[in-house]
Every structure is written in C-alpha cells, then in structure tokens.
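In what follows, a single structure is set out as structure tokens and then discussed.
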Amino acid sequence: MGVYFARYVRRHLNAVRLVQWGQPPASPDAGPVVVYSNHPAWWDAALIILLAQRFFPDDESYAPFDAAMLARYRIFSRMGAFGVDLDSARGAASFMAASRKILDRPGRVMWITAQGRFSDVRERPLGLRPGVARLAELAPDALFVPLALDYAFWEERGAEACAAFGPGIPGRDLLALPRPDRLARLEADLTATLDRLGADVRSRDPARFTSLLDGRRGVGGVYDAWHRLGAALAGRRFVAGHREGRAP
C-alpha cells in the first residue's frame, strides 16, 4: 500500500518534504511510540503512511480512524487503521481499550491526528482531544512525538506537503503532570513544532527541506508543449517545472 500511495502522491502533489531540523527521534527499544499531529487535510492519511514506511519500516503502525469515514475508505483498515466513534463515551472507551493492546510492547507506532477533525493549519489553540494525554497512563514506556503537517502552493501546479517531527517526551514524564497539564504540554510541543515549520514553509525555500518524494513537475498540456518547443529551438534541454520550463 505504501507503493500505491507513493504513486498517488506523485500524480497529485509536487513533493513531500521533511524540514531539515525535523527528523524523527530514534525508535526507543524500551517502548512503543505515539506520534500525534494536527489534521489540516484529507492528505494527512496518505502522508502518514509514507512517513511510517520511510522512518519506521520495521515497526507495526496503527491509527485510530473515524468509524464513519473508515466505512467509506475500508482500504485503510488493511493498513492498521481501527474505527472509533469520536463523539460518544462508548467510542472513547473503545479507543482506550484498543490503544492499551497496541501500546503494550515495543516495535509499535500509533499515529494520531489529535485534533480529531479537519482544522486550518493556522488555527490556535489547536484544541487537541483529551484522549491523547490519557495514553501515557496506558503506556508509560511510550515516547510521545509531535508531528506538524502543512501544505502550500509554491511555484508548481501541485502542492507541497511539508512535515516536521518535534522532540519527543517520555510517557513517564507526562505521568508526572496532572492530566490537564499533560494535554497542555502535548499541545504546546505540537504548536511550537507547527509554528517553526510554518516559518520554513512561508520561506518557499526548498533548501530548508529534504525531499522525500517528488511528484510530476510542470503544468502539462499546451503550456509545457510550448516551452518544450522553445527549448528545442534554442538548443537546450527542456526541464518540466514553472521556473525551469520558462523561456529566458
């Protein structure tokens, strides 16, 4: 499925980029990992799958998924997604029970879009769901890692999907805090990571990022055909892309 989504992303996005300072922490031997993120777009699920394949290839990945949406996109259930009802006490209990089983051993990664809804990347406060803070009670050996996701259009037809991992915090350190303070700490860490990533995205400077996946460049159709002809007549190589493909 990672191969499928890589092809899909190449067709529809310009690139998937990880900011230079935002490398993920090493997967700990002592426990599992909880990666919690903001939730700006439909693309988040595909991006998480690619990040899991790239940075945690030897671990088992899981993700809670809105039950109604999982019924529509059943393919995600084959990749570790499990359905939860986000708006009921029964659904919250089901989420905690499933999380307990998943996070009971090393070598597992749980990916959570912790806002529980689509939200603009500039929205503050982030409004994380309280369930993510309770996971430390189930898995004190887990490492909690913020993941910031952002999307922008730069100079190409397709969007840039940008990501950054922030510093992780051990579950035992979270347990030392009262439950409301745990949630505040997790939200503050994700907000700081998201704000720092946003500054790099606004710079529109690809040098600040590592390209994890490159899409199809250029506009296509008559536009690229015209510049391809111009390049041939000028005796230079045509390179698809808004900046490279323009005539001098």
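With the first letter of the sequence shown counted as 1, position 205 gets the number 205 in full-length UniProt numbering; the numbers rise by one all the way through. A virtual CB, placed ideally from N, CA and C, is assigned to each residue, including glycine.
Residue i (DSSP reduced to helix, strand or coil)
| i | result |
| --- | --- |
| Glu160 | strand |
| Asp195 | helix |
| Ala41 | coil |
| Val121 | coil |
| Phe55 | helix |
| Glu187 | helix |
| Ala46 | helix |
| Ala6 | helix |
| Pro25 | coil |
| Pro180 | helix |
| Pro64 | strand |
Sequence-distant residues of the same chain with beta carbon closer than 7 Å to residue i, five excluded per side
| i | result |
| --- | --- |
| Leu213 | Ala6, Val9, Arg10, Ala15, Val16, Leu50 |
| Pro140 | Gly171, Arg172, Leu175 |
| Ala30 | Pro106, Asp141 |
Endpoints, the alpha helix (DSSP H) within which residue i is located
| i | result |
| --- | --- |
| Val16 | That residue, Val16, is in no alpha helix (DSSP H); its beta strand (DSSP E) goes 13-19. |
| Phe95 | 89-102 |
| Arg108 | No alpha helix (DSSP H) contains Arg108, which is instead part of the beta strand (DSSP E) from 108-113. |
| residue 251 | An answer regarding residue 251 cannot be provided, because it is not within the stretch 1 to 248 covered by the chain. |
| Gly171 | 171-175 |
Run of the beta strand (DSSP E) containing residue i, from where it starts to where it stops
| i | result |
| --- | --- |
| Tyr211 | Residue identity differs from the one stated: residue 211 is Ser in this sequence, not Tyr. Here the beta strand (DSSP E) through Ser211 covers 209-214. |
| Asp150 | 143-152 |
Cut-off 6 Å between Cβ atoms - residues of its own chain near residue i, not counting five sequence neighbours on either side
| i | result |
| --- | --- |
| Phe153 | Ala159 |
| Ile169 | Phe144 |
| Ile48 | Trp111 |
| Leu18 | Ala163, Thr210, Leu212 |
| Arg100 | Leu138 |
| Leu13 | Gly158, Ala159, Ala161, Gly215 |
| Gly22 | Ala164, Phe165 |
Whole-number beta carbon distance between residue j and residue i, since they are thought to touch under 8 Å
| i | j | result |
| --- | --- | --- |
| Glu60 | Arg108 | 5 Å |
| Asn38 | Leu190 | 7 Å |
| Glu187 | Leu103 | Wrong, their Cβ atoms sit about 20 Å apart, outside the cutoff. |
| Ala81 | Ala63 | 5 Å |
| Pro146 | Tyr4 | 27 Å between Cβ atoms; not a contact. |
| Pro32 | Phe55 | Contact flag wrong, Cβ pair sits at about 15 Å. |
Residues near residue i by beta carbon distance below 8 Å, same chain, minus five either side
| i | result |
| --- | --- |
| Gln20 | Arg208, Phe209, Thr210 |
| Tyr151 | Pro40, Ala41, Trp43, Val121, Ala159, Glu160, Ala161, Cys162 |
| Ala46 | Phe5, Tyr8, Val9 |
(request) Specify whether the segment 160-178 and the segment 107-123 touch according to this definition: at least 3 beta carbon pairs, one from each stretch, less than 8 Å apart. (result) Contact between the segment 160-178 and the segment 107-123 is absent, because fewer than three Cβ pairs lie under 8 Å.
(request) Answer yes if the segment 128-143 comes into contact with the segment 177-191, meaning at least three C-beta pairs across the two stretches below 8 Å, and no otherwise. (result) Using a Cβ-Cβ distance cut-off of 8 Å, the segment 177-191 and the segment 128-143 are in contact, since at least three pairs of beta carbons, one from each stretch, lie closer than that value.
(request) Please confirm if the segment 28-43 is in contact with the segment 195-202, defined as three or more CB-CB distances below 8 Å between the two stretches. (result) Taking 8 Å as the limit for Cβ pairs, the verdict is that the segment 195-202 does not touch the segment 28-43.
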